[in-house]
Amino acid sequence: MNASKRRELIISHLKSSSVPTSASSLASLLKVSRQIIVSDVALLRAGGLDISATPRGYILSENDTAKSIHNFEGILACKHTAAQLREELYTIVDFGAEVIDVTIEHSLYGQLSGRLNLNSRYDIDLFLEKISNNSDLPLSCLTEGVHLHKVGCRDENTFNLIKQALESKNMLIK
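If you count by UniProt numbering, then the sequence shown holds residues 1 to 174, one letter each, in order.
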């Protein structure tokens, strides 16, 4: 199969998928290496296709469920230790919300963001497992725990309940 056909199949698969697809899964499906998939995705992005990388895999922006299932999006300004990360994320998703992304203000690079798309405790456990298995650090470690989360939820009342819960745990910056 040539590169052009392979990229068409990647696009087709991402369009039809309702969940993120890992580079390894695409590589297995198309019988190529993971690195070839990563390169193909980079070329597709350079060509203008809006493909996002989440901790669970690639998604097309039109498959971004945050906009379609959440009536309200808000920003939470948080600060906590690395040991409190699980508790913070669980608190948010336990209200039926989605942790869409994380953003920090870096002294050299300015705003840095990472797409998360965490909808459940299971998603969070997988995310934290990746952090521990790869010896990676969350972005908030670069800013002594200070970070922002974009959160999608049912309504503004739910968002306010999340804020109150995080505030009661001293994880919200006032």
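For each residue, glycine too, the CB sits at the ideal point set by N, CA and C. Predicted model only: the values in this text are computed from it and were never measured.
Under the three-state reduction of DSSP, R34 is assigned to helix.
In this model, A23 and G57 are separated by some 7 Å (Cα to Cα). With contacts defined as CB atoms closer than 9 Å, P55 and L14 fail to qualify as a contacting pair.
From the listed residues I37, L126, L139, the smallest Cα separation to T81 is found for L139. The C-beta distance from L172 to L29 rounds to 42 Å, too long to meet the 8 Å contact threshold. The C-alpha of K169 is placed about 16 Å away from the C-alpha of H149. Here the alpha carbons of M1 and I92 stand approximately 44 Å from one another. Annotation for S120: V93 place their beta carbon closer than 7 Å to its own, counting only its chain and skipping 5 residues before and after. L108 counts as exposed, since fewer than 16 other C-beta atoms from the protein chains shown sit within 10 angstroms of its C-beta.
Non-local beta-carbon contacts of L166 in its own chain, meaning distances under 8 Å to residues more than five positions away in sequence, involve L76, C78, E88, T91, I92, L172 in chain order.
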